[in-house]
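Trainee:
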Amino acid sequence: MYGSIPGQHKDSSKASLAAACGIAALVVVAAVGFTAQPSTLYASTAVRPATQVVTPVLGSRNVVRAVEPVFAALTEYETASPTRNAPLTQASSWTSLVTFAAGCAFAVAGLAIHRRAAAPAPTPSPNVDADPWAMFALGGVKDLHVIPPVIGKDPENSMRRRMEAMLRKGQDHVCAAIEKSDGKAKFHADAWMREDGGGGGISKVMADGAVWEKAGVNLSVVWGSMPQAALAAATERAPEYIKQMNLKPEDKVPFFVAGLSCVMHPKNPFCPTMHFNYRMFEINGNIRWFAGGTDITPSYLDEADMQHFHGTYKKICDKYDPYFYEEFKKWADEYFLIKHRGETRGLGGIFFDDLNDRDEETLFKFAEECLMAVPEAYVPIIEKHKHDSFTPEQKRWQLIRRGRYTEFNLVYDRGTIFGLKAGGRIESILMTLPETACWEYDHHPAPGSEEERITKAFQHPRSWV
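Using this note's numbering, read the sequence shown as starting at 37 and increasing by one per residue.
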């Protein structure tokens, strides 16, 4: 739809007045050039007051700047003239011509602006830049001075409330184990709430510990509504769910999500980075699924460590389904692929999404057991390597691998993309990034080195148990 532009009529009036002033200046300046009285007028002082008339009319000095070369020429002529300080009985022919040109310049500039202002600019089409995320922002967030005992507003025995309670228990459990292993640093906790009342979260972050450079365990419990296009960032089954809900294209999707995410970045290159995320997503009040996983990202390969880590989760998976581990391990290798590098972020673990193909209580317990097993799977590896000595070259390799970790998180990670586009709390979303990382142009590990050995493992995922 097209229409008048705000301020268009006002600008047009200004332009008309500017044109009139320019024409008037033409007449007055030309006349002055021929009728100046002795000892009262010099050529330049006859022209310059015109700028004081036109500038307030136009609201800027853009047009004045366009004709200033005329004034400059006139002034230069005056200064060079041997009669510069002599009173004029009649202005010279040169002065008359220059002053006449100045008036013409003002007139033409005013008429040009009038013509340009009168032409309406088209209003952008409603479909231009139609980003579905522009309609989806979680709104502002505010920090809280006190950690709330409960974030959600649902009944105590509801699955939503139970999921929040389980995740908070897991947050405390993991943080306690990491603090004990570090022996120096403590987690700092802060809480935040959405200003629109749609939930909030609790972030626990450790920095500059004896073992960990940075570690964070973040809880979020949020709800609201989102465009259907945004649902694709949360699940690959978005088309199926939209059809199931029988929504019109313009309808928004009510959602609720409770999740706990964690990343641990140790200082020692022989201590691997670890990540986990466990969450429950609900849409439309009646479609619910579980998602999550735990994965490990070493800079150097210790096969015994990988056997321990993967073995811990295979044992849990086998309790619930003999096919779970094989399926979820493969899913992790595929999900954590850095496509533009042709290599995985780390050496995998388990990853699952859209899990709602069986009893809800069973899936809840499966997610809970996987979360509570994080210290068992990870901390023994840290204890084994946290005092290992390392060289500057080995530290440099760790930073290069952290650069790859950062690439994946900012380019491919579903949770990071969802959080950034949804307007979530930036500090919590980017908590996953390491404090230090590096990129070296066209870097390749030396043939036969330990760095090359693990690079091949990133490029060709394999079985560990």
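Glycine included, each C-beta is placed from N, C-alpha and C at the ideal position.
1. On a CA-only basis, which of 271, 345, 322, 308 is nearest residue 371? Give me that one, please.
2. If you check the beta carbons only, do residue 482 and residue 476 fall under 8 Å apart?
3. Over what stretch of residues does the beta strand (DSSP E) that includes residue 329 continue unbroken?
4. What beta strand (DSSP E) runs, 3 residues minimum, are completely inside the region 206–261?
5. Is the separation between the beta-carbon of residue 470 and that of residue 200 shorter than 8 Å?
6. Quick one: Cα of residue 286 to Cα of residue 441, how far?
7. Please state if the CB of residue 254 and the CB of residue 194 are separated by a distance shorter than 8 Å.
8. By Cβ distance, which residues of its chain are closer than 6 Å to residue 240, with the 5 residues on each side in sequence left out?
9. Where does residue 441 sit, in a helix, a strand or coil, going by DSSP?
10. May I ask you to report which of helix, strand or coil DSSP gives residue 314?
11. Can you give me the start and stop residues for the alpha helix (DSSP H) that residue 407 sits inside?
12. Would you report the Cα separation of residue 502 and residue 416, rounded to the nearest angstrom?
13. Is it the case that the Cβ atoms of residue 435 and residue 474 are separated by a distance below 8 Å?
14. What is the C-beta distance between residue 333 and residue 412, in whole angstroms, given that I count them as a contact (C-beta under 8 Å)?
15. Decide if residue 15 is buried, meaning its Cβ has at least 16 other Cβ atoms within 10 Å, or exposed.
16. Could you tell me if residue 490 is buried or exposed, where buried requires 16 or more neighbouring beta carbons within 10 angstroms of its beta carbon?
17. Could you check where the alpha helix (DSSP H) with residue 267 kicks off and where it finishes?
18. Can you check which of these residues, 501, 375, 259, 295, is closest to residue 329 by C-alpha distance?
19. Could you check whether residue 303 and residue 261 sit closer than 8 Å to each other, using their CB atoms as the reference points?
20. Give the secondary structure of residue 130 by DSSP, where H, G and I count as helix, E and B as strand, and everything else as coil.
Mentor: In short:
1. For the purposes of this step, residue 371 is taken as the residue at position 335 of the sequence shown. Ranking the options by Cα distance to residue 371, first place goes to 271.
2. By one-based count along the sequence shown, residue 482 stands at place 446. By one-based count along the sequence shown, residue 476 stands at place 440. Going by C-beta atoms, residue 482 is not nearer than 8 Å to residue 476.
3. In the sequence shown, the residue the question calls residue 329 occupies position 293. It spans 323–333 - the beta strand (DSSP E) in which residue 329 sits, taken as one unbroken run.
4. The DSSP assignment places complete beta strand (DSSP E) segments of no fewer than 3 residues inside the region 206–261 at 224–230, 235–243, in order along the chain.
5. Counted from its first residue, the sequence shown places residue 470 at position 434. Counted from its first residue, the sequence shown places residue 200 at position 164. Between residue 470 and residue 200, the C-beta spacing is not below 8 Å.
6. What you label residue 286 is simply residue 250 of the sequence shown in a count that begins at 1. What you label residue 441 is simply residue 405 of the sequence shown in a count that begins at 1. Spanning the two alpha carbons is a distance of roughly 37 Å.
7. Translated into the one-based positions of the sequence shown, residue 194 becomes position 158. Translated into the one-based positions of the sequence shown, residue 254 becomes position 218. In this structure, residue 194 lies away from residue 254, with their beta-carbon atoms at least 8 Å apart.
8. Locating residue 240 in the sequence shown gives position 204, where the first residue counts as 1. 211, 223, 225, 253.
9. Taking the sequence shown and counting its residues from 1, the one referred to as residue 441 is at position 405. In the structure shown, residue 441 adopts helical secondary structure according to DSSP, grouped into three states.
10. Sequence index remark: in the sequence shown, residue 314 carries index 278 (1-based). In the structure shown, residue 314 sits in a strand (DSSP, three-state: E or B).
11. Counting from 1 along the sequence shown, the entry for residue 407 is found at position 371. Unbroken alpha helix (DSSP H) run through residue 407: 396–408.
12. Examination of residue 502 is not possible in this model, given that the chain is present from 37 through 501 alone.
13. By 1-based counting over the sequence shown, the position of residue 435 is 399. By 1-based counting over the sequence shown, the position of residue 474 is 438. In contact: residue 435 and residue 474 (Cβ atoms closer than 8 Å).
14. In the sequence shown, the residue the question calls residue 333 occupies position 297. In the sequence shown, the residue the question calls residue 412 occupies position 376. So it is not a contact: roughly 18 Å between Cβ atoms.
15. Residue numbering for the chain in the displayed model covers 37 to 501; residue 15 lies beyond these limits and cannot be assessed.
16. Translated into positions along the sequence shown, residue 490 becomes position 454. With 16 or more other Cβ atoms from the protein chains shown falling within 10 Å of its own Cβ, residue 490 counts as buried.
17. Position 231 of the sequence shown, counted from the start, is the residue given in the question as residue 267. It spans 264–267 - the alpha helix (DSSP H) in which residue 267 sits, taken as one unbroken run.
18. Locating residue 329 in the sequence shown gives position 293, counting from the first residue. From the listed residues 501, 375, 259, 295, the smallest Cα separation to residue 329 is found for 295.
19. As a first step, residue 261 must be located in the sequence shown, where it is residue number 225. As a first step, residue 303 must be located in the sequence shown, where it is residue number 267. Going by C-beta atoms, residue 261 is not nearer than 8 Å to residue 303.
20. Translated into positions along the sequence shown, residue 130 becomes position 94. Model confidence at residue 130 stands at a pLDDT of 47, short of 50, so the residue's coordinates are unreliable and nothing is read from them.
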